[in-house]
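K.L.:
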Amino acid sequence: MVGRCFISTETGTYFDGTGFLKAVSAYRVGLDVSITLEFRTSRTSGVLLTISNQGSDGLGLEIVQGKLLFSVDNGAGRITAEHTPEGEGFCDGQWHTITATKIRHKVELVVDGEKSQAESPNKHSNTCDTNDPIYVGGYPDGVRQVALSTSTSFKGCMRNLKITKASKPMDVQFNKALQIKGVQPLSCPAAAA
């Protein structure tokens, strides 16, 4: 793909709404994980991040009809924390900050300082057994993702994606992605003033 030039840019990675990037080839979610990122979008639905085995375990962070959902399936059914924004919602030209945390059979979602959580009644199902790619902004055709409600690719910008496991943070460098489709890793068009 030939890069596009944006007249006015800011730090971030631009997703054009047609693709995805493969950030990591094999990731084990396990018992606990925390994901933080910032995003700005012009769509009411889109995949932010997803990882799934081809059985029943997976994790998904997505916007569905204007709501932000963080879902985890440890193999005993999906657990979802949901955030509904006020006012214009997420299509407001502003950056929004997310922290999504899985602790065993519980999920917690903090969006712009507002917290929501959920927990599975099945307390013994607490490990998300994945050893699969982390996709950001969407995922390839034919790859099953068990913890998502939408297949719509994200359109907008993301920055500062960090995945923390056992107190070890991993900064995801979009420009070092293993596979890129419809993504500009190092520039994001500035929001219209």
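Quick note: the sequence shown uses the UniProt record's numbering, first residue 1, plus one each step.
Where is the CB? At the ideal position from N, CA and C, for every residue including glycine.
Here the structure is a predicted model, which is why all the values come from computation and not from measurement.
Do V64 and S45 come within 7 Å of each other at the CB atom, strictly closer than that value?
P.N.:
Yes, these two residues count as a Cβ contact at 7 Å.
K.L.:
Nearest-angstrom Cα distance between N131 and C91?
P.N.:
Computed Cα separation, rounded: 34 Å.
K.L.:
Which one or two residues does DSSP pair with D57 in a beta bridge?
P.N.:
Partner(s): N74.
K.L.:
G55 and G89 - do their beta-carbons sit closer together than 7 Å?
P.N.:
Not in contact: G89 and G55 (Cβ atoms no closer than 7 Å).
K.L.:
Roughly how many angstroms separate the alpha carbons of G93 and A190, rounded to a whole number?
P.N.:
Cα to Cα, the separation comes out at about 9 Å.
K.L.:
Name the one or two DSSP bridge partners that P169 has.
P.N.:
Beta-bridge pairing links P169 to T164.
K.L.:
Between which residues of its own chain and Q184 is the CB-CB distance below 6 Å, once the five residues before and five after are set aside?
P.N.:
Hits under 6 Å: Y14.
K.L.:
Would you kindly report the start and end of the unbroken beta strand (DSSP E) that includes S116?
P.N.:
First-last of the beta strand (DSSP E) with S116: 114-119.
K.L.:
Do you know offhand how far R28's Cα is from C128's?
P.N.:
Between R28 and C128, the C-alpha separation is close to 8 Å.
K.L.:
Is DSSP giving A193 helix, strand or coil here?
P.N.:
Per-residue confidence for A193 stands at a pLDDT of 48, beneath the threshold of 50, marking its modelled position as unreliable; the derived number appears in the next sentence. Three-state result, A193: coil.
K.L.:
Report buried or exposed for L186, applying the criterion of at least 16 other Cβ atoms within 10 angstroms of its Cβ.
P.N.:
Counting Cβ neighbours within 10 Å, L186 comes out exposed, since fewer than 16 surround it.
K.L.:
Starting from the C-beta of L69, find all residues in its chain whose C-beta is less than 6 Å away, skip the five residues before and the five after it, and write them out in chain order.
P.N.:
Cβ within range, chain order: E62, T80, E82.
K.L.:
Ignore the nearest five residues each way along the sequence and tell me which others in A26's own chain have a CB closer than 6 Å to its CB.
P.N.:
These residues qualify, in order along the chain: N131.
K.L.:
Quick one: residues in its chain with C-beta nearer than 6 Å to the C-beta of V110, no 5 flanking neighbours on either side, listed in chain order?
P.N.:
Here the set comprises T99.
K.L.:
So, for Y139: in the same chain, excluding its five sequence neighbours on each side, which residues have a beta-carbon less than 6 Å away from its beta-carbon?
P.N.:
Within the same chain, Y139 has close Cβ partners F20, T50, Q145.
K.L.:
How is the beta strand (DSSP E) around E86 delimited, first residue to last?
P.N.:
Segment: none, E86 is in no beta strand (DSSP E) and carries neither H nor E.
K.L.:
Helix, strand or coil for F154 per DSSP?
P.N.:
In the structure shown, F154 sits in coil (DSSP, three-state: anything other than H, G, I, E or B).
K.L.:
Specify the secondary structure class of K176 as computed by DSSP and reduced to three states.
P.N.:
Helix.
K.L.:
With a threshold of 16 other CB atoms inside 10 Å of the CB of G12, please say whether the residue is buried or exposed.
P.N.:
By the 10 Å Cβ count, G12 comes out buried.
K.L.:
Tell me the residue span of the beta strand (DSSP E) that contains V111.
P.N.:
Its beta strand (DSSP E) spans residues 106-111.
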